[in-house]
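So the protein sequences, as listed, match chains X and B. Going by the numbering used here, the letters in the first sequence line up with residues 1 to 369, in that order. Going by the numbering used here, the letters in the second sequence line up with residues 370 to 605, in that order.
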Amino acid sequence: MNNKTALAKTKMLKPQTKKSFTTYIMVTVVFVIMMILSSTGNVSSQIDGLLVPLCVYSILAVSLNLTVGILGELSLGQAGFMCVGAYASALFSIATKETILVEWVRFPLAILVGGIFAAIFGILIGIPVLRLNGDYLAIVTLAFGEIIKNVFAALYVGIDSKGLHIALNQADMNLEADGTEIIRGALGVKGVPNDSSFVVGFILLLITLIISYNYINSRTGRAVKAIRDNSIATESVGLNITKYKLITFALTAFLAGIAGALYSHNYSTLQASKFDYNLSILILVFVVLGGIGNIRGSVIAAIILTLIPELLRSINSYRMLIYSIVLIVMMILTSNEKARTFIVTNFGKLKGMVLKIFKRKDTAEKEVK
Amino acid sequence: MAMLEINDLYVNYGMIAALKGISFEVNEGEVIALIGANGAGKTTTLHTITGLLHAKSGSIKFNGVELTKAPAHKIVEMGIAHVPEGRRIFQNLTVLDNLKLGAFTRKDKENISKDIQMVYERFPRLAERKTQIAGTLSGGEQQMLAMGRALMSKPKIIVMDEPSMGLSPIFVSNIFDIIQTIRETGTTVLLVEQNAKKALSIADRAYVLETGKISLSGKASDLINDASVKKAYLGE
Chain X
1 MNNKTALAKT
11 KMLKPQTKKS
21 FTTYIMVTVV
31 FVIMMILSST
41 GNVSSQIDGL
51 LVPLCVYSIL
61 AVSLNLTVGI
71 LGELSLGQAG
81 FMCVGAYASA
91 LFSIATKETI
101 LVEWVRFPLA
111 ILVGGIFAAI
121 FGILIGIPVL
131 RLNGDYLAIV
141 TLAFGEIIKN
151 VFAALYVGID
161 SKGLHIALNQ
171 ADMNLEADGT
181 EIIRGALGVK
191 GVPNDSSFVV
201 GFILLLITLI
211 ISYNYINSRT
221 GRAVKAIRDN
231 SIATESVGLN
241 ITKYKLITFA
251 LTAFLAGIAG
261 ALYSHNYSTL
271 QASKFDYNLS
281 ILILVFVVLG
291 GIGNIRGSVI
301 AAIILTLIPE
311 LLRSINSYRM
321 LIYSIVLIVM
331 MILTSNEKAR
341 TFIVTNFGKL
351 KGMVLKIFKR
361 KDTAEKEVK
Chain B
370 MAMLEINDLY
380 VNYGMIAALK
390 GISFEVNEGE
400 VIALIGANGA
410 GKTTTLHTIT
420 GLLHAKSGSI
430 KFNGVELTKA
440 PAHKIVEMGI
450 AHVPEGRRIF
460 QNLTVLDNLK
470 LGAFTRKDKE
480 NISKDIQMVY
490 ERFPRLAERK
500 TQIAGTLSGG
510 EQQMLAMGRA
520 LMSKPKIIVM
530 DEPSMGLSPI
540 FVSNIFDIIQ
550 TIRETGTTVL
560 LVEQNAKKAL
570 SIADRAYVLE
580 TGKISLSGKA
590 SDLINDASVK
600 KAYLGE
C-alpha cells in the first residue's frame, strides 16, 4: 500500500519536476557557457558588467511572479522591497567590515539580512494592504514603494563607538569624533564592498528558482493558487485567505531583498533614487511578457529585455525605438491566439526533427553494436 | 438540543436589510430545506452561517458554540462544510487538487487518501477525470466536484446553495440522489433550493423564506401539499 502511494506520488509530480529541472539545467548551461567565455576572454567588458544585473533582474522577476502569477494580485512595490534589501545589507556590510573579516562569511550574512528586512517590510505593509485587491492593491503598493524610496533618500545613518545613530538630517546624528557616516540622505551609501559576482548571482538565482518551484507545488502553493482561482470558494473550504496571501507577499519581498543585496554589493555607491516606480514597472513587464505564472518565462524575459537596450547602445538614437518594437512584437506573439499556435506547431516540428536526428543516431549506434 | 440553532438573526447589506429576524433549527441527521423566491435571503442565511457574512444581531449556535463572531476558516474546522452557489470550484487546478484542498483543515492527514477514494466511489465520474483541470468539467461534474470537495472536510453538517442550478433534469435527479446518500451516511444537510418540489421531496422539514422573514415552516410532506406553497413555489 505504502509503496503504491509513493509510486503514485512520483508519477503525479513528474510533469512539475520535469519543468523545474529543465529550468535549472537551462540556467546552469547559460552560466557555464558565460563562465567559459569570460575565462577565455571572449566576453566584452560591457557584457561582463551586465552579468550581475541580469541575475538581479531575473530574481526580481521570478519573485514578483509569485505574487502576480501565483497569488494573482498586482503588486507595484517590488522596487521598494529591493531598496530595503539593498540598504539593509549595505549597512550590515559596512558596519561589520572590521569585525567580520572573511568575505564569504560576511556577504551571505549581508544577503540574509537584506532578505529578512525586506520580508519584515513585506509583512508590515502586507497586513493592511492585502485586504484590498485588484487595482486598489496595485495603487497602494506603488505608493508604499515610493514611500520607502523617499524615506531612504532622507535618512542619515552613522556608526561610532556608541553604536548606530539614525536621524533625518546630518546635524542630528551627533556622531563622535571616531564615527563614520554610512547613509547620507540623498547622496546614499558610499563604500559598499564589491562582494557581488556572477557566481554569487547565479547561486542566488538558482536558490530563488528552487524556492519558487517548490513553493508553487507545495501544499501552501496549492492553497495560494486556489485563492487566485476563487477566493470565496477558498474561504468556504476553510482556508485563512489573509495568511496565505501574507506568506506569498513576504516571500516575494524576501527574494526582492536578496536581489537588492546582490545589487547594492555590485556597485560601490548606492542611491535611493534608483529604486523608483519605473523599476517596479520594468519588472512587471518582465513578468507579463514572460508569461504570468510562468517562472522560466520570467527569467528569459528578464534576460532578453535587459540585454536588448544595452546591446543597442552603439545605435543610441534608435535604441528605445527598437526596444519598444520588440516589446510590442513580444506582446502580440504571446497574447495572439493565431501567433501562438503558429509558434507552437512550428516549434513542435523543430522538436520532432531534432528528436528524429537523435533517434537515427541511437539506432545507428545500436546497429554498430 | 438542536445541532444548529439560528435565533433572531438580522443581516444587512449596507443600509438594506436582507434578513429581518429569522429563527430556525437543524437537528442532527436531518435534511432541512430552505426555500423561497429570488432575493428572499436564502444565500445570505447560508453565508452568515459559514462566516462569509457577518450578522448585525442575533445568534447562530452550532452544538452550543456561537458562530457569529468566528472567521470562516474556523467554522469549517468545527465541522460545517459549504457547497457555494454556482459551482465555485478551483477552475485552474486538477480534480485531485480540488479534493485535497477540501481536506485542508483536517488534522488526520493519513486518512485523506482513503477519503479521496471514498469520494471517487461516490462520484465515479470524478475518478475518471482526476488529473483533468476542473474548469474543463461539465456543469454537473463541477457540481459533483464541489460536493466531493465539501465532503473531504468530514463535515458534521453540509450546507448546499442551489446545487441544482443550471443543470439538466437528469443531472438534477442525480444530484438529489447523491444528497440522499450523503444523509444516509449520517451527515446532516441544510439545503437551499429554488427547485422547491425536489427539495421538499427529500427534506424532513422545510422553512419558507419571504423577503427576509420565515413565512412558513413545517414537515416537508405537509408543505408540499400546502395551498400557498403550491401556488407560490410549485407552480400548480
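A virtual CB, placed ideally from N, CA and C, is assigned to each residue, including glycine.
Cβ pair residue i, residue j closer than 9 Å
| i | j | result |
| --- | --- | --- |
| residue 431(B) | residue 378(B) | no |
| residue 375(B) | residue 578(B) | no |
| residue 269(X) | residue 200(X) | no |
| residue 415(B) | residue 471(B) | no |
| residue 92(X) | residue 113(X) | yes |
| residue 565(B) | residue 536(B) | no |
| residue 569(B) | residue 544(B) | no |
| residue 300(X) | residue 290(X) | yes |
| residue 249(X) | residue 130(X) | yes |
| residue 118(X) | residue 254(X) | yes |
| residue 189(X) | residue 264(X) | yes |
| residue 239(X) | residue 442(B) | yes |
| residue 547(B) | residue 450(B) | no |
Reference residue i, options the options, closest by Cα
| i | options | result |
| --- | --- | --- |
| residue 528(B) | 426(B), 380(B), 481(B), 444(B) | 444(B) |
| residue 576(B) | 564(B), 589(B), 461(B) | 589(B) |
| residue 68(X) | 134(X), 143(X), 198(X), 179(X) | 134(X) |
| residue 196(X) | 65(X), 17(X), 50(X) | 50(X) |
| residue 517(B) | 47(X), 40(X), 237(X), 39(X) | 237(X) |
| residue 574(B) | 395(B), 383(B), 407(B), 391(B) | 395(B) |
| residue 216(X) | 203(X), 130(X), 185(X), 252(X) | 252(X) |
| residue 558(B) | 389(B), 383(B), 499(B), 401(B) | 401(B) |
| residue 585(B) | 382(B), 488(B), 409(B), 387(B) | 409(B) |
| residue 332(X) | 288(X), 116(X), 266(X), 306(X) | 288(X) |
| residue 562(B) | 406(B), 388(B), 591(B) | 406(B) |
| residue 295(X) | 228(X), 37(X), 22(X), 62(X) | 62(X) |
| residue 302(X) | 214(X), 205(X), 337(X) | 205(X) |
Residue-chain proximity (residue i, chain B), Cβ-Cβ < 9 Å
| i | result |
| --- | --- |
| residue 248(X) | no |
| residue 252(X) | no |
| residue 237(X) | yes |
| residue 30(X) | no |
| residue 131(X) | no |
| residue 229(X) | yes |
| residue 313(X) | no |
Distance between residue j and residue i (C-alpha atoms, nearest Å)
| i | j | result |
| --- | --- | --- |
| residue 85(X) | residue 393(B) | 56 Å |
| residue 73(X) | residue 25(X) | 29 Å |
| residue 522(B) | residue 453(B) | 14 Å |
| residue 319(X) | residue 308(X) | 9 Å |
| residue 282(X) | residue 446(B) | 43 Å |
| residue 70(X) | residue 225(X) | 6 Å |
| residue 549(B) | residue 385(B) | 36 Å |
| residue 183(X) | residue 209(X) | 32 Å |
| residue 65(X) | residue 553(B) | 46 Å |
| residue 286(X) | residue 31(X) | 20 Å |
| residue 127(X) | residue 76(X) | 16 Å |
| residue 178(X) | residue 160(X) | 6 Å |
| residue 467(B) | residue 40(X) | 53 Å |
| residue 314(X) | residue 46(X) | 11 Å |
| residue 139(X) | residue 488(B) | 44 Å |
| residue 28(X) | residue 155(X) | 39 Å |
Chain-order list of residues whose beta-carbon lies under 7 Å from that of residue i (same chain, five-residue window excluded)
| i | result |
| --- | --- |
| residue 422(B) | 380, 413, 416 |
| residue 247(X) | 220 |
| residue 96(X) | 106 |
| residue 202(X) | 31, 55 |
| residue 455(B) | 534 |
| residue 242(X) | 130 |
| residue 494(B) | 510, 513 |
Cutoff 9 Å: residue i Cβ touching any chain X Cβ
| i | result |
| --- | --- |
| residue 460(B) | yes |
| residue 466(B) | yes |
| residue 410(B) | no |
| residue 522(B) | yes |
| residue 474(B) | yes |
| residue 378(B) | no |
| residue 385(B) | no |
| residue 369(B) | Lying before the first or after the last residue shown, residue 369(B) is absent from chain B, which here runs from 370 to 605. |
Other residues of its chain near residue i: CB distance less than 8 Å, five sequence neighbours each side excluded
| i | result |
| --- | --- |
| residue 187(X) | 271 |
| residue 149(X) | 79, 80, 83, 272, 273, 275, 276 |
| residue 312(X) | 318, 319, 322, 323 |
| residue 469(B) | 481, 485, 521 |
| residue 465(B) | 485, 499, 500 |
Close beta carbons around residue i, own chain, < 6 Å, minus the five adjacent residues each side
| i | result |
| --- | --- |
| residue 540(B) | 509 |
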